[in-house]
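Heads up: the structure comes next, in C-alpha cells.
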Amino acid sequence: MKLREIAASRSGDKGDVSNICVFVYDEADYPLLVRHLTADRVRDHFGALVEGSVVRYELPRVHGLNFVLDRALGGGVSMTLRADPHGKAFQSLVLDIDLPDRAPTGAASGEESA
Amino acid sequence: MAADARRPPALLSLGAGSAYADDRLDSVAAMAASGRVSYLGFDCLAERTMALAQVRRRQDPASGQDRRIAALVPLLRDYLAAGGKVVGNFGAANPDAARDDFSRALKEVELPGVRIGVIHGDDVRDLVHELDADLPEVGTTVRALGDRVVSANAYLGAGGIVDCLREDAQIVLGGRLADPSLFVGPICHELGWDLDDWDRVGHATLVGHLLECGVHSTGGNYEDPPYRVVPDPHHLGFPIGEVSDGSVVVTKLPGTGGAVDAMTMKTQLYYEIHDPAAYLTPDVTADFTGLDVDDLGGDRVRISGARGTAWPETLKVLVGVDQGWRATGEMSYAGPGCVERARRAEEVVRARLAPYASQIDEMRVDLVGMDSILGDRLRGGYPAEVRLRLALRSTSYDVARTAAHETELLYFGPAGGGGNTSSVVPALGVTPAYVPRDLVPVRTEVGVA
Numbered sequence: 029m030k031l032r033e034i035a036a037s038r039s040g041d042k043g044d045v046s047n048i049c050v051f052v053y054d055e056a057d058y059p060l061l062v063r064h065l066t067a068d069r070v071r072d073h074f075g076a077l078v079e080g081s082v083v084r085y086e087l088p089r090v091h092g093l094n095f096v097l098d099r100a101l102g103g104g105v106s107m108t109l110r111a112d113p114h115g116k117a118f119q120s121l122v123l124d125i126d127l128p129d130r131a132p133t134g135a136a137s138g139e140e141s142a
Numbered sequence: 061m062a063a064d065a066r067r068p069p070a071l072l073s074l075g076a077g078s079a080y081a082d083d084r085l086d087s088v089a090a091m092a093a094s095g096r097v098s099y100l101g102f103d104c105l106a107e108r109t110m111a112l113a114q115v116r117r118r119q120d121p122a123s124g125q126d127r128r129i130a131a132l133v134p135l136l137r138d139y140l141a142a143g144g145k146v147v148g149n150f151g152a153a154n155p156d157a158a159r160d161d162f163s164r165a166l167k168e169v170e171l172p173g174v175r176i177g178v179i180h181g182d183d184v185r186d187l188v189h190e191l192d193a194d195l196p197e198v199g200t201t202v203r204a205l206g207d208r209v210v211s212a213n214a215y216l217g218a219g220g221i222v223d224c225l226r227e228d229a230q231i232v233l234g235g236r237l238a239d240p241s242l243f244v245g246p247i248c249h250e251l252g253w254d255l256d257d258w259d260r261v262g263h264a265t266l267v268g269h270l271l272e273c274g275v276h277s278t279g280g281n282y283e284d285p286p287y288r289v290v291p292d293p294h295h296l297g298f299p300i301g302e303v304s305d306g307s308v309v310v311t312k313l314p315g316t317g318g319a320v321d322a323m324t325m326k327t328q329l330y331y332e333i334h335d336p337a338a339y340l341t342p343d344v345t346a347d348f349t350g351l352d353v354d355d356l357g358g359d360r361v362r363i364s365g366a367r368g369t370a371w372p373e374t375l376k377v378l379v380g381v382d383q384g385w386r387a388t389g390e391m392s393y394a395g396p397g398c399v400e401r402a403r404r405a406e407e408v409v410r411a412r413l414a415p416y417a418s419q420i421d422e423m424r425v426d427l428v429g430m431d432s433i434l435g436d437r438l439r440g441g442y443p444a445e446v447r448l449r450l451a452l453r454s455t456s457y458d459v460a461r462t463a464a465h466e467t468e469l470l471y472f473g474p475a476g477g478g479g480n481t482s483s484v485v486p487a488l489g490v491t492p493a494y495v496p497r498d499l500v501p502v503r504t505e506v507g508v509a
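Residue numbers (this note's numbering), protein chains in the order written: chain A, 29 to 142; chain B, 61 to 509.
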C-alpha cells in the first residue's frame, strides 16, 4: 500500500533545508511507519532532488516522524530556479512511498519503536 | 464540553490576522468584531519579503513597509476603539514608514489617541559587514559578496514587543520580528511571564507557531481528497489561541470554513521545524517532543507539553544578495508527439542561448506535466500535453530578456507551440548568517499616532 493511505504529511522550507513531517491517521499504524519509513527509504525515494543528508526524528506521542532534508531545495526558495521553489510538493512525493500491507487483524505487530 | 470544564479558563485569547505580506485581509474584520480576542498578530514576512522590501526602499526611501496598512486600519477601527491590540512585523524594511501609514490611516478613520510602539534594531547590514559574517549555505562570507549584499535583518524576539506593551502601546510594529514572537510578546506581557521562564516561553512559542501561519492551522495547504477534505475551503477561518498556563486550545470562528482537528494541528505543529527537541527562536530553545494533542471536537484542539531551555546566544540573520535577473519563459505542446516536440524546442532554445553561456549563472529547462517539480522520481503514462519551462539567472538584464524572448520565438519552432508567457524579474536571494545577540541592540519608541 501507499503511505498516502495511512498518513498525512506537510513539507516546509527554511533556506536550502526542507522538512517533511508525516503522521498516521490511526495510531495502530505507528510501529509500521517507524519500521519502514526510514531516513534511507526517504533518501532513495527523493533521489537527486536532495543533495545532502536526510535525518529522521521520531514523534511517538503524536504518532509521527519528522524528516529533515539538507540541501534539498536547489539553494532555497529565493535562489533556486525550480518550478516549486518551496518544495511544497515534497509532502506529496513522500506519500507515494510503498509500504508493506498491514498484518491481518489480530496478528498486528506490537513492536515498540526505539 | 465536559472535558473542558475541568480545565482552568483561558487566561488570554489571541487571533491570527495575517501569515505573509500578501495574505487576504477579508477575515480580519470578522475576527476583530468577534469579541473573542484581545490581541491580533500579523505576520507579514516570509524569507524573501524582507529583501524585496529593502530593494523597494532603495528605490523610494518612503517605502519598504507592508502595503496593506491603509486597507487594514478601517477593518480594525472598532476593535482598536474598544481597546484591542495589534502586533505585527508591518515595518518590513521601514518601520517608521509603517508607523506613519498607521498614523495617517487612524486619522482618516477619526480614531485619535492610539499609542503606537515601533521596534528598531533588526537592520544589521553594517554589523554583518564589520563581522564579515559567514554565509554557510552559499559557502562564502559577507565581504566576499561586496555590494551585492543588499540587506541583512536579524530575527528579533519578544523583548521589544513587551517593552512597547509596558508603555501602553496599542499597536506594536517592527521589521524582522520573528514570527512566533509576535504572540510570545503579548502572552508574556499579559500573563506576567518572565522572558527567561524558559518552559513558559516555550509554551508561548508553541502558541505563536500555531497562529503565525494563519490558515495553515485550519485547513490551508492540507486537503488531499479523498483522504483529507475540510468544509468550505474557500473561506478558511484564521486560528484563535485560547492560552492557559501549560496548555492552549486552538479554535476558529463559527461559520468559517476549514477545520481545527488533531491532524490539522499535528501537520502544523512540526511545519518548518527541524530538531523537535530544539526549535531555535530568538526567545527560546523550544522543545516540542512532549506535546499532547487532544481533539475536543467542535473545531477545538488542546495542546500541552511544550518546554523550553535558554535562548540561543546567536540571532539568525537573513542576508539579501543581489543575483541579477531571473528569466522564465514557457510554451505549451499538446497532442501526439508533444513530448518530442517540446524536447526539440529545448534543443532550439539551448542552441540559441549558447553564445551567452558565460553570462548565464544557472539555467534549467523542464517539461511541466513531466518532470518540472519532482524530476525523474515519478513516471506516469504519455501525457496529453506538456509545457516547456525555461528558467535562468544572469547578471545581465539584456541576456535575461533575450532568453525570455527566445521562448516566444518558439512559435516558429517545432509544430504547435502555443500560449507563450515570459517574465524577467530581479533575482534576489536570501541566505542565513548568525551573529552574537549581544551585538544587536533593540530600541523601542512609543508615541501617540
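Every residue, glycine too, gets a C-beta built ideally from N, C-alpha and C.
All figures in this text were calculated on a predicted structure; none of them were measured in a lab.
List the residues of chain B whose Cβ lies closer than 8 Å to the Cβ of L77(A), in chain order. L434, G435, R437
Given a threshold of 16 other Cβ atoms within 10 Å of its Cβ, counted over all protein chains shown, does L31(A) qualify as buried or as exposed? buried
Out of D192(B), D83(B), I231(B), A229(B), which has the shortest C-alpha to C-alpha gap to A212(B)? Taking only the C-alpha atoms, the option nearest A212(B) is D192(B).
Under 6 Å Cβ to Cβ from L127(A), same chain only, skipping five residues before and after it: list those, please. M29, L31, H64
Report yes if the CB atom of E86(A) is closer than 8 Å to the CB atom of V62(A), and no otherwise. Taking 8 Å as the Cβ cut-off, E86(A) and V62(A) qualify as a contacting pair.
Counting only beta-carbon separations shorter than 8 Å, does M29(A) have a partner in chain B? no
Who does A36(A) pair with in a DSSP beta bridge? In DSSP, A36(A) forms a bridge with F51(A).
Is it the case that the Cβ atoms of G181(B) and L216(B) are separated by a distance below 8 Å? yes
Specify, as a first and last residue, the run of the beta strand (DSSP E) that Y85(A) falls within. 82-87
Flag this pair as touching only if the segment 37-46 of chain A and the segment 80-99 of chain A have three or more C-beta atom pairs under 8 Å; answer yes or no. yes
Do S39(A) and G115(A) have their C-beta atoms closer together than 8 Å? yes
In chain order, what residues of the segment 326-342 of chain B put their CB closer than 9 Å to some CB of chain A? Within the segment 326-342 of chain B, the residues whose Cβ lies closer than 9 Å to some Cβ of chain A are K326, T327, Q328, L329, Y330, Y331, E332, I333, H334, D335, P336, A337, listed in chain order.
Could you pull out every residue in the same chain whose Cβ sits closer than 8 Å to the Cβ of Y53(A), ignoring the five residues on either side in sequence? I34, A35, A36
V62(A) at chain B interface by Cβ criterion, 8 Å: Not closer than 8 Å to any Cβ of chain B, the Cβ of V62(A) fails to qualify, so no.
Give a yes or no on whether 8 Å exceeds the smallest Cβ distance from A100(A) to chain B. no
Buried or exposed: where does E197(B) fall if 16 or more other Cβ atoms within 10 Å of its Cβ makes it buried? buried
Beta-ladder partner(s) of L93(A), from DSSP: V50(A), E86(A)
DSSP three-state label for K167(B), please. helix
In terms of residues, what are the limits of the beta strand (DSSP E) holding D386(B)? Note that residue 386(B) is Arg in the sequence shown here, rather than Asp. It spans 374-394 - the beta strand (DSSP E) in which R386(B) sits, taken as one unbroken run.
V379(B) beta carbon less than 8 Å from that of L136(B): no
Beta carbon of G301(B) nearer than 8 Å to that of V308(B): yes
Counting only beta-carbon separations shorter than 8 Å, does G43(A) have a partner in chain B? yes
Kindly list the residues whose CB is nearer than 8 Å to the CB of Q125(B), restricted to its own chain and excluding five residues on each side of it in sequence; keep chain order. A113, F150, G151, A152, A153, N154, P155, A157, A158, D161
Could you please give me the residues that DSSP links to V303(B) through a beta bridge? Beta-bridge pairing links V303(B) to L72(B), V308(B).
Tell me, please, which residues DSSP counts as bridged to T316(B). BP columns for T316(B) are empty, so no partner.
Please list the residues of the segment 93-118 of chain A that have a C-beta atom closer than 8 Å to any C-beta atom in chain B, keeping them in chain order. Against chain B - using a Cβ distance shorter than 8 Å - the residues of the segment 93-118 of chain A are N94, V96, G103, G104, V105, S106, M107, L109, R110, A111, D112, K116, A117.
Between the Cα of V209(B) and those of R118(B), V381(B), V377(B), spot the shortest distance and give me the residue it belongs to. V381(B)
Determine the DSSP secondary structure at D431(B), reduced to helix, strand or coil. coil
Measure from the alpha carbon of V399(B) to the alpha carbon of each residue in E445(B), A165(B), D186(B), then state which is nearest. E445(B)
Inspect the beta-carbon positions of A405(B) and G477(B) and report whether they are closer than 8 Å. yes
C-alpha gap between D257(B) and T349(B), whole angstroms: 18 Å
When DSSP builds the beta bridges, which residues end up paired with K116(A)? Bridge partners of K116(A): none, in fact.
Comparing alpha-carbon positions, which option in M430(B), V500(B), A417(B) lies nearest R403(B)? M430(B)
Going along chain B in order, which residues have a C-beta closer than 9 Å to the C-beta of V70(A)? Neighbours of V70(A) on chain B: none; closest Cβ ~12 Å, over 9 Å.
Taking the alpha helix (DSSP H) that P246(B) belongs to, which residues open and close that run? In this chain, the alpha helix (DSSP H) harbouring P246(B) covers 241-251.
Proximity to V82(A) [Cα-Cα], best of H91(A), A100(A), L121(A), T108(A): A100(A)
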